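If you read the sequence shown in full-length UniProt numbering, its first letter stands for residue 1, the second for the next number, and so on. Idealized CB from N, CA, C, for every residue including glycine. What you are looking at is a predicted structure, and each value in this text was computed from that prediction instead of being measured.
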Amino acid sequence: MKELIEEHAKRLKLSWIREHYHEVEAASQEEFLLKLFEKEIEQREERKLNLLIKQSLLPDISGRQFDWDSIHMNSDLLKEDVLAGRFIERKENLILYGGVGVGKTLLASLCGWNAIHQTQRKVRFYTVAQLVNQLLEAHEKGTLSKIYKQIEGLDLLILDELGYVPLHKQGAELLFQVLNLCYERRSVIVTTNLQFGQWNHIFGDPILTEAFIDRLIHYSHLLVFNRESFRHKESLLNH
1 MKELIEEHAK RLKLSWIREH YHEVEAASQE EFLLKLFEKE IEQREERKLN
51 LLIKQSLLPD ISGRQFDWDS IHMNSDLLKE DVLAGRFIER KENLILYGGV
101 GVGKTLLASL CGWNAIHQTQ RKVRFYTVAQ LVNQLLEAHE KGTLSKIYKQ
151 IEGLDLLILD ELGYVPLHKQ GAELLFQVLN LCYERRSVIV TTNLQFGQWN
201 HIFGDPILTE AFIDRLIHYS HLLVFNRESF RHKESLLNH
């Protein structure tokens, strides 16, 4: 009997039930079945969450607190909209602008973690340099469609550190194609230390720069970090 139960549970892909059904105690058959189903669903949700976290490539920010001090946002955007991912529902973008070490990456990551934990959305985090290198490598191997397909499956794409490294022409064009895939279909968060007027230094082509900015700022919110670097402040306090 035990072997048959386990075999049927395996065929039905009921992994928790197959391994733990004998541990469940209940006062009736109905309660027994309900507990089995609840535990199976609970485990599946946990597995799905863990997979989303693994695929997101998000940095670990556990234990870190985000400070909203000296951050200026559009008048129609609230902190709650950012943290609850309402901009993702509306397929809007966030542009986080400020100096190095002011918390842009932390807020972008926090939005990603919240999107996964609160609504099980598909998120992917890249530094711009990482993504461009992957795109160039895939282009060489003829596997660009695989990366594009992954991006098309996302709800939120996070592009960190735009402007830290100038892009070669082909890399810039491939990055623009990624933004094109996201335009009006999925949300993008970009962190940058450069004003829009300086973005031509990244792309090296005024026409491509203008097209990239035009796609990005349509349906977007700008968050400006007007504060000094946390890392610089901590180093001063420790001396």
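- Our two residues, LEU33 and ARG11, have alpha carbons roughly 18 Å apart in a direct line.
- For LEU57, no beta strand (DSSP E) run applies, since DSSP gives it neither H nor E.
- In this structure TRP199 is buried. Its beta-carbon is surrounded by 16 or more other beta-carbon atoms within 10 angstroms.
- Within the DSSP secondary-structure output, GLY98 pairs in a beta bridge with PHE225.
- With contacts defined as CB atoms closer than 8 Å, TYR21 and LEU4 fail to qualify as a contacting pair.
- Along the region 64–115, the beta strand (DSSP E) occurs as fully enclosed runs of 3 or more residues at 93–98, listed in sequence order.
- In this model, ASP160 and GLN29 are separated by some 53 Å (Cα to Cα).
- It is roughly 14 Å from the alpha-carbon of LEU167 to the alpha-carbon of GLU137.
- Close CB contacts of LYS104 within its chain, under the 7 Å cut and outside five residues either way in sequence, are with LEU96, GLY98, THR191, PHE225 (chain order).
- For VAL165, no alpha helix (DSSP H) run applies, since DSSP gives it neither H nor E.
- Cβ-Cβ distances below 6 Å link ARG227 to SER70, VAL102 in the same chain, with the five nearest sequence neighbours on each side left out; the list follows chain order.
- Residue pairing for VAL123: DSSP places it in a beta bridge opposite LEU156.
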